[in-house]
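Student: One structure follows; several queries about it will come next.
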Amino acid sequence: MKVDSDPPKSFFASFDLKGSPDVGELALFTPLGTTLAVLSWAPRSAVLRANGQSRSFDSLDALALGATGTAIPIANLFEWLAGNPSPASGWQADLSQLGDGRITALRITPPPGVELKVLLDQ
């Protein structure tokens with residue numbers, strides 16, 4: 005993920021996504037396999053576990069913002085991974101390379117711009 009902020013920010017992590025937009029879990033890992041964070045959500049519950057601490061959030065969107073520092077449409081990611089070009093406000097998803105295990109999504113609005121690249125294990 006690249007964020008066009010000043011200064012620009014980049015974030016790289018492996019991930020394991022389970023569940024659905026309603027109830028699920030997203031685990032983020034370093035390139036060496038160490039767990040960076042685990043995001044879990046259910047109706048009326050959104051929790052970020054990282055660095056031995058837990059933080060609660062009001063929604064999945066707020067949880068994603070708290071975990072990454074920028075808004076990421078995790079709910080839409082489920083659709084994109086299934087090959088459905090589900091629209092996300094301010095985002096453009098390119099699923100043309102999904103057959104090769106690649107998804108690219110760009111956030112145009114609101115600023116700053118974000119480029120999210122997903123590379124799937126084949």
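Numbering (this note's numbering), first residue to last: 5 to 126.
Note that CB positions come from ideal geometry on N, CA and C, so glycine has one too.
At the level of alpha carbons, what is the spacing between residue 101 and residue 58?
Tutor: By 1-based counting over the sequence shown, the position of residue 101 is 97. By 1-based counting over the sequence shown, the position of residue 58 is 54. Cα to Cα, residue 101 sits roughly 36 Å from residue 58.
Student: In this structure, does DSSP put residue 150 in helix, strand or coil?
Tutor: Missing from the structure shown is residue 150; the chain here goes from 5 to 126 and no further.
Student: Check this for me: beta carbons of residue 28 and residue 52, under 8 Å apart or not?
Tutor: Taking the first residue of the sequence shown as 1, we reach residue 28 at position 24. Taking the first residue of the sequence shown as 1, we reach residue 52 at position 48. No, these two residues do not count as a Cβ contact at 8 Å.
Student: Helix, strand or coil: how does DSSP classify residue 16 here?
Tutor: Counting from one through the sequence shown, the residue named residue 16 turns up at place 12. The answer is coil: DSSP assigns residue 16 none of H, G, I, E or B.
Student: Kindly list the residues whose CB is nearer than 8 Å to the CB of residue 66, restricted to its own chain and excluding five residues on each side of it in sequence; keep chain order.
Tutor: Reading the sequence shown from its first residue, position 62 is the one you call residue 66. Same-chain partners within the cutoff: 50.
Student: Apply the 10 Å Cβ neighbour rule to residue 78 and answer buried if 16 or more other Cβ atoms are within range, or exposed otherwise.
Tutor: For this step, residue 78 is matched to residue 74 along the sequence shown. Result: buried.
Student: Is residue 36 buried or exposed, if buried means 16 or more other CB atoms sit within 10 Å of its CB?
Tutor: For the purposes of this step, residue 36 is identified with residue 32 of the sequence shown, where counting begins at 1. Exposed, because fewer than 16 other Cβ atoms sit within 10 Å of the Cβ of residue 36.
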